[in-house]
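The sequence shown begins at 492 in our numbering and counts up by one. A virtual CB, placed ideally from N, CA and C, is assigned to each residue, including glycine. Below is one structure, written out as C-alpha cells; comments come after it.
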Amino acid sequence: MTQDELKALVGQAALQYVIPGEVVGVGTGSTVNKFIDALASMKDQIPGAVSSSEASTARMRTLGIPVLDASEVTELSVYIDGADEIDARGFMVKGGGAALTREKIVAAMSRRFVCIADESKMVPVLGAFPLPVEVIPMAAARLMRQFQQLGGKAHVRLKDGQPLVTDNGQHILDVTGLQITDPLGFENQVNQWPGVVTVGVFAHQKADVCLLGTPGGVKTLSF
Ligand code: 5RP
C-alpha cells in the first residue's frame with residue numbers, strides 16, 4: 492500500500508469520531524486533506540468545522556463544508572489532525588505545514604485530539620524530524636542561538652528563496668539535532684523564550700487517540 496493510500500485509509504477512519512450535530516476541529520496537511528475529502532460526505536450532518544489554516548479552510552469551502560470562526564465556538568468535541576512525529580505516549584511534533592499555532596489553538600479548544608498518521612510517523616523519541624517553531628521575525632537570530640545552546644541547529648524556513656510567512660504573518664525556524672526526551676519540560680522551556688509564538692512540540696495538547704495507517708489496516712492507539 493502506498494503512503495497516499497495509508498493516509499486515505501486513516502482519513503476515512505477518522506469519520507467515526509465526528510459526532511453528527513457537532514462542530515468538528517480540522518487540522519492541516521496531506522493526511523487531513525484525505526479526512527476533509529471524506530468529511531464532505533457528512534457535511535449535511537454537522538453545523539460546520541473550525542479550521543487550523545487558510546489551506547484547510549479553502550479546501551473545505553470548495554467541498555461545501557461550512558467553516559466557522561473559532562470565536563463562534565466555546566468547545567469542540569473532537570479535533571482531527573496529522574503529525575510529523577508521534578511517540579508511544581501521544582506526544583507529537585507538528586508544524587511541517589507551518590500551521591502549528593492555529594493547530595495548537597484548535598487542539599486546546601477540543602476535548603479529544605484524534606491524530607491520523609501513516610506508520611512512518613511513529614518514533615521512539617521526538618526530534619529526528621526538524622522541529623518547527625513559529626517566531627516573531629525580529630527574535631529569529633537570538634532564538635537560533637538559544638537552540639544552539641540546547642545542541643540544536645536552527646534554520647529559517649524559506650519559500651521561493653524568501654522566509655516563509657505563516658498565516659499569522661510570522662516566520663518558522665526548523666531545528667535539527669534535538670532529542671526531545673521530556674516533551675512537557677521542553678515545551679514549557681521554549682514557550683518562555685521571548686519571540687516564540689508556538690513551539691511545534693504538542694505535549695500539553697497531545698493526542699488522545701492515534702489512527703495509524705499500516706499495510707494490515709488501521710491500528711487504533713489510545714493514550
Ligand atoms: C501541519 C502539520 C501536519 O499535521 C503535519 O505536518 C503532517 O502533515 P502530513 O499529513 O502532510 O504528513 O502539523 O502544520
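- Relative to Ala579, the option among Thr672, Lys498, Gln494 whose CA is nearest is Thr672.
- The Cβ atoms of Val569 and Val605 lie closer than 8 Å to each other.
- Residue range 674 to 682 is occupied by the alpha helix (DSSP H) that includes Pro674, with no beta strand (DSSP E) assigned at that position.
- About 7 Å separates the CB atoms of Leu634 and Val687; that is less than 8 Å, so the two are in contact.
- Counting C-beta atoms within 10 angstroms of its own C-beta, Gln683 has fewer than 16 neighbours from the protein chains shown and is therefore classed as exposed.
- Look at Ala590: its beta carbon is less than 7 Å from one of the heavy atoms in the ligand 5RP.
- Ala694 and Gln637 have their C-alpha atoms spaced approximately 21 Å apart.
- The Cβ-Cβ distance between Ala531 and Ile556 falls below 8 Å.
- With a cutoff of 8 Å on beta-carbon distance, Leu669 and Gly618 are scored as near each other.
- With fewer than 16 other CB atoms across the displayed protein chains lying within 10 angstroms of its CB, Lys710 is exposed.
- Here Ala529 is not near Leu559, since their CB atoms are 8 Å or more apart.
- Membership of Lys498 in the alpha helix (DSSP H) is indicated by the continuous run 494 to 504.
- Assignment of Thr553 by DSSP, reduced to helix, strand and coil, places it in the helix class.
- Closer than 7 Å to some heavy atom of the ligand 5RP: that does not describe the Cβ of Gly708.
- Apart from sequence neighbours up to five positions away, the residues of its chain that approach Glu566 with a beta-carbon distance below 8 Å are Met600, Ser601, Arg602, ordered along the chain.
- DSSP lists Leu664, Val690 as the beta-bridge partner residues of Val624.
- In the structure shown, Thr565 adopts coil according to DSSP, grouped into three states.
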